[in-house]
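Residue numbers (this note's numbering), protein chains in the order written: chain A, 1 to 354; chain B, 355 to 708; chain C, 709 to 1062; chain D, 1063 to 1416. Don't be surprised by glycine CBs; every beta carbon is placed ideally from N, CA and C. What follows is one structure encoded as structure tokens, with my remarks underneath.
4 protein chains.
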Amino acid sequence: MGRFNRIGVLTSGGDAPGMNAAVRAVTRLALLKGIEVFGIYNGYRGLIEGEMEQLGERDVSYIINRGGTMLYTARSEEFKTKIGIDKAVETCRKFGLDGIVTIGGDGTFRGAVELTDAGVPCIGIPGTIDNDVASTDATIGYDTAMNTVVELVDKLRDTGESHSRCNVVEVMGRESGDIALNTAIAVGAVCAVVPEMPTDFDKLYTKMITARKNGKRNFIIITSEGVGKDYCEHLCDEIREKTGIETRFVRPAHIQRGGSPTLRDRVLATQMGCAAVESLVSGQMKRVVCLRGSAIETMDIHEALYLDKMMKNQLTKEEEDLIPPNRLYDMRRMVADRLALKEYLNYMITNIVL
Amino acid sequence: MGRFNRIGVLTSGGDAPGMNAAVRAVTRLALLKGIEVFGIYNGYRGLIEGEMEQLGERDVSYIINRGGTMLYTARSEEFKTKIGIDKAVETCRKFGLDGIVTIGGDGTFRGAVELTDAGVPCIGIPGTIDNDVASTDATIGYDTAMNTVVELVDKLRDTGESHSRCNVVEVMGRESGDIALNTAIAVGAVCAVVPEMPTDFDKLYTKMITARKNGKRNFIIITSEGVGKDYCEHLCDEIREKTGIETRFVRPAHIQRGGSPTLRDRVLATQMGCAAVESLVSGQMKRVVCLRGSAIETMDIHEALYLDKMMKNQLTKEEEDLIPPNRLYDMRRMVADRLALKEYLNYMITNIVL
Amino acid sequence: MGRFNRIGVLTSGGDAPGMNAAVRAVTRLALLKGIEVFGIYNGYRGLIEGEMEQLGERDVSYIINRGGTMLYTARSEEFKTKIGIDKAVETCRKFGLDGIVTIGGDGTFRGAVELTDAGVPCIGIPGTIDNDVASTDATIGYDTAMNTVVELVDKLRDTGESHSRCNVVEVMGRESGDIALNTAIAVGAVCAVVPEMPTDFDKLYTKMITARKNGKRNFIIITSEGVGKDYCEHLCDEIREKTGIETRFVRPAHIQRGGSPTLRDRVLATQMGCAAVESLVSGQMKRVVCLRGSAIETMDIHEALYLDKMMKNQLTKEEEDLIPPNRLYDMRRMVADRLALKEYLNYMITNIVL
Amino acid sequence: MGRFNRIGVLTSGGDAPGMNAAVRAVTRLALLKGIEVFGIYNGYRGLIEGEMEQLGERDVSYIINRGGTMLYTARSEEFKTKIGIDKAVETCRKFGLDGIVTIGGDGTFRGAVELTDAGVPCIGIPGTIDNDVASTDATIGYDTAMNTVVELVDKLRDTGESHSRCNVVEVMGRESGDIALNTAIAVGAVCAVVPEMPTDFDKLYTKMITARKNGKRNFIIITSEGVGKDYCEHLCDEIREKTGIETRFVRPAHIQRGGSPTLRDRVLATQMGCAAVESLVSGQMKRVVCLRGSAIETMDIHEALYLDKMMKNQLTKEEEDLIPPNRLYDMRRMVADRLALKEYLNYMITNIVL
């Protein structure tokens, strides 16, 4: 296993349920492979400032069921600068870290790429509730956040049914409508409003009015935060006006981020944590771990970043030219598949929920 | 059991978890006592419009664990008028209802008093999450709503701890701080802001700054909706400014109203439902059912209304003069005891949570 | 506050959700009053062996929502001996403990009495899910355990309804039927079999057969562990034989002991923890904390033990003679009230559930 | 869409959370496609006896969040006979059912094949918590059951940690270890005992003894019901004897079958329900719906049955000869992949949990 004698592990960006399970798996398997592990606190900021301590087997006990992240997380403007990166590299040298496992979202991966380019090989594990990382079918925390939304909306349905009301619920997901589309299906929402595709509101209102005539008392509409800050209040006014149905708005906000991880997030985090260590041990660095179908795979960290930019329409012509045509083709297909799935989910919401 | 051959049961005002358990108990015990039961839909509005049907044993099966109310609830402006009341009385005559069990909050009880005075004896069961009914220590739905708040805030704590943040959470309770005070203790909040008593914010901020220095990452502040609509946003700004701690605001809103009732609300609702029927059967009408300590008792429905007005400082001199001095004394003591308990809860929050 | 400069706190007997909240409240308020606090691990065994460390404010952070006990618990045969008690007293002298707050059930209180008599004043806080402590209306952990049972049985009801089955569920409570009676009401069980009173099985089977004819698919019967180890398997056989209804047995066992405490247990534990410290500070030692109605009170620790023995029919003639007649009268009333409540709960189960 | 004017839908075998969501999706989409839907009660038994009624849009409202099955389920010995099948076909003719959507496990699929061969085209949807259907990566109810197990064991961990104990938990899954392996990872169990692969108990005990020395208080061992009825009691005795660690046994039994479905099961059930209808409409009958990776596909119902028998080593030489070599190869690979995944999960449990 050559040069990997000591690695660091950090969580960065927004916290997500399951991050602790990933930290645990990375630590336990690395120790088993004879690699020392340092837990870095407060993400890249802590890396710059050297906030870290060595982790033993028992230091990660009893955390697999805990929400949040025992390593904490924080924003770091400094890390976005050349000086910040250099300081981080310096700290790694000082603590003798041969590589770092970074757990977080796309911002975290961008940092990991820069750190990797600066000489500290990183391996990324996708941890964010938003599921907005193109390289993986699912991110750690996504399943838990969606189940939390479902629990909350199930409660809303009770009161919506009793009072004969419409509830508009804004869920997280940043620019991704994944949480909104899946939870909308799961709670029987009449509509999911997401950034990726347009909503035919006239059709929706007609549908609501008809359904109300047929005896439907309770209506749920899920909106993704990506549609904009004050969007929902206006939507509520419009619904009242166009359908005459009493409408209330709820924004569960950060409640969606916490809580004990679901089985799926615990297993996914454990598998990804192990895959990251196995990748390091096999000398495969500069990778991100991904879930594809039911398989855990890894992808080149630069390519993953390009793929992510492609999905978010942020890929520049210059960057595109750097990608080999065959890979470009694969990447385009991945992005297309993903959008197709979202469109199918939306089709089901629009057609079977009444 | 004299004249009670057929009764109606309705739920009115905001829905509360446990209302179904109360409807079930009323129906089951009444049938056992040989009394027919009609379920009235949509509260007083449905009573006016005669929206009701006879309930058998099995019609209330499998609802004890359901949130909301199977009888639905609705507002009725008409019922607040003389004409409305007369129509309601007329419907009762038409359907042969000898009395009505009304489940709801103080508004529901006011309606019950008017209906009683108009010739249809009512018995009130306190069902509201707000616990703002003076005649009972606890209302049906209160325990469930508080446990829901605790679950939600426990999730917030995870992310607050990870990001080192303060979370301000606005809970329900209308003019009553009961939900805020109790949940604040249960989640380890640094403060509960309620309408009943002032908050020493300077002391709070000093405490927060000191605690942060001592390593406390996560802060929770519970506010009661009674403090005002836009209060919390301003509070968040002030906290950031005075303490420098990143602060987020969450309003779980109607999520607090729904969900499967807790054991306590199911048992309380069942006991109160039975007590209402037993009261009717024993010829004691015009009563409200109350929990006092661990005993289920009943109180004269007019007196309960005066007591409630006294607690809310809405008792007029004229009304006060109608109350016998000895009862007035008892009522004042009840109100005083209740405030004393709130002050003690607040004392604990202010002093032991750090 | 005279001689109380340093106290110890321990949890003993079976663990109960809310014990951590009590430890937290004791620690926080004692520190506020200028009293040092030592956390004693593994109950009386740890006290004998001096397994303890000083607790600061932050050592009890983030535990109010945790099940189990951070101080652990263990059985100690040695503590039941004179030598054991002497060793414990010795340890207290050595660590300079002026008194001990003991959290646990009746066994824990017996130990506290002996320790008190041996010269180390103790204050007892009732912490057990079984609610089998006569001096208090509710013990810490009781509400959580009951809500856990309700959640589990609600799941069973789904499958019982789908398959048209009877489910027999054995719940905890040792010799007390409190958990069984309350959860039976909350889940709509057709019967609760408890040690305190007889069950009319012929009446039950007739009722089940009739209900099945009327379309009832799902039946739930709650039994208390107090009725005996192999009781339930035989009961299941008899039900099948007498009613022809397919019957399954489930014993949730220790699942009932764990989990995050409910609001009620967190608030009760916090109130009782504070009351214990306030009692110490006011110089009132050798007390147990109790809930009476909605008030937190304290009772002489010897009297509490006699009351408990009286409820369990273990009070000897000699002990009885030691109790002043007026107190004896009060104690007999308390025991009678308690049994009356159980009988009323059983009445409701037998009559309204169909 | 030719001959499909009216279809039936039934649930059979053990109930599973999400079956209602599937019934809802089938009904809603079929109605949208102009196909009438009859809900058949009590599975094949009800089909034989003609227990069915037509379903409209609103008849499947408010069930997506309900555990169990609104169509009920029942065993039918008669359906396993030629006479039974003939009666069933007769009923279909009588009610004019052009096809049937059957939701259940392998037994249900065997029935569907016979019914299909007898002239009533069926489409199977895999609904069982056991995930023991070879043709699909996941069955409806599987995710919910596993999350229920995780919740229960998380509670057990609290008390195991407090008392320093080992808990042996028997989970469902019949001959499949899927639930045991995944939940073991999710709860941080030291071992999963499953029918598919041997357990090195000497290694396990050594590991437990070492871990206990290193301070690990709580141990969890998950066993699959497939290992045998009285296996666990003996295992507990052996653990106590070989490791000296106090050990308790819990069998959650049918609690695992109920409860509100998770997001994943609701979405999967909705997708599969839609896929079944789309398959019918496109003239593709005699299929079973499967999840492969993240795609919903269908497979020939006979082939699915052979694949299932192959996985369970029940495929006869005669049956094998009926399968085209290329398909045989694919099927063998599917079975191999599946076992490989289980072995990998087991590897992680054995190596990273300490």
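| Asked | Found |
| --- | --- |
| For C/Q668, is the classification buried or exposed, using 16 other Cβ atoms within 10 angstroms of its Cβ as the cut-off for buried? | Only positions 709 to 1062 of chain C appear in the structure, and residue 668 of chain C is not among them; the question remains open. |
| Taking the alpha-carbon positions, what's the A/I296 to D/Y1406 distance? | 11 Å |
| Could you check what DSSP says for C/G885 in three-state terms: helix, strand or coil? | coil |
| How about C/T836 and C/A820: do their beta carbons lie closer than 7 Å? | no |
| Three-state secondary structure (DSSP) at C/N1054? | helix |
| Looking at the structure shown, is B/V523 part of a helix, part of a strand, or coil, going by DSSP? | strand |
| Can you give, in chain order, each stretch of the alpha helix (DSSP H) that sits fully within the stretch 788 to 816 of chain C and has at least 4 residues? | 790 to 803 |
| Say whether chain A places a C-beta atom closer than 7 Å to the C-beta of D/G1222. | no |
| Could you check what DSSP says for A/E151 in three-state terms: helix, strand or coil? | helix |
| Below 9 Å between beta carbons is the criterion; list the residues of the stretch 1306 to 1317 of chain D that meet it against any residue of chain C, in chain order. | R1310, F1311, V1312, R1313, P1314, A1315, H1316, I1317 |
| Below 8 Å on C-beta distance, what does A/K216 contact in chain D? | R1120, S1123 |
| Which residue wins for smallest C-alpha separation from D/G1167, given the options D/R1120, D/A1087, D/T1143, D/D1077? | D/D1077 |
| Drop a sphere of 10 angstroms on the beta-carbon of C/M916, count the other beta-carbons inside from all chains shown, and report buried for 16 or more, exposed for fewer. | buried |
| If distances are taken between C-alpha atoms only, which option among A/R212, A/F201, A/V187 comes closest to A/I220? | A/V187 |
| Once DSSP output is grouped into helix, strand and coil, what is the label at C/G923? | coil |
| Using a Cβ cut-off of 7 Å (strictly closer), state whether D/N1193 contacts chain A. | no |
| Can you give me the start and stop residues for the alpha helix (DSSP H) that B/V548 sits inside? | Careful: B/V548 lies outside any alpha helix (DSSP H) and carries neither H nor E. |
| In terms of residue numbering, what span does the alpha helix (DSSP H) encompassing C/L943 cover? | 939 to 951 |
| Is there a Cβ from chain B that is less than 7 Å from the Cβ of A/R257? | yes |
| Strictly below 8 Å CB to CB, what residues from chain D border A/T183? | L1325 |
| Could one say the Cβ of D/L1214 lies closer than 7 Å to chain C's Cβ atoms, at least one of them? | yes |
| Taking 7 Å as the CB-CB cut-off, is A/L339 touching chain D? | no |
| Count the other CB atoms, across all protein chains shown, that sit within 10 Å of the CB of D/H1225; report buried if there are 16 or more and exposed otherwise. | buried |
| For the beta strand (DSSP E) containing B/D369, list its first residue and its last residue. | Here B/D369 belongs to no beta strand (DSSP E), and DSSP marks it neither H nor E. |
| Assuming A/L305 and A/R110 are in contact, meaning their beta carbons sit under 8 Å apart, how far apart are those beta carbons, in whole angstroms? | 6 Å |
| Throw me the rounded Cβ distance for the D/A1338 and D/I1185 pair, which I believe falls under 8 Å. | 5 Å |
| Hey, would you say D/T1073 sits closer than 7 Å to D/T1153, going by beta carbons? | no |
| Looking at chain B, is there any beta carbon in it that lies within less than 7 Å of the beta carbon of C/D908? | no |
| Quick check: is the beta carbon of C/L718 nearer than 7 Å to any beta carbon in chain D? | no |
| Checking contacts by CB at 7 Å: is A/S139 closer than that to chain B? | Residue identity differs from the one stated: residue 139 of chain A is Thr in this sequence, not Ser. Taking Cβ atoms only, chain B never reaches closer than 7 Å to A/T139, which makes this a no. |
| Pick from D/K1379, D/V1256, D/T1305: whose alpha carbon is nearest that of D/L1266? | D/T1305 |
| So, helix, strand or coil for A/G46, using DSSP? | helix |
| For B/A379, name the three-state secondary structure that DSSP assigns. | helix |
| Given C/D851, which residues of its chain have a CB within under 7 Å of its CB, disregarding the five upstream and five downstream residues? | T970, R972, D973 |
| By how many angstroms is the C-alpha of B/D440 removed from the C-alpha of A/S224? | 48 Å |
| If distances are taken between C-alpha atoms only, which option among C/F746, C/L740, C/A730 comes closest to C/G716? | C/F746 |
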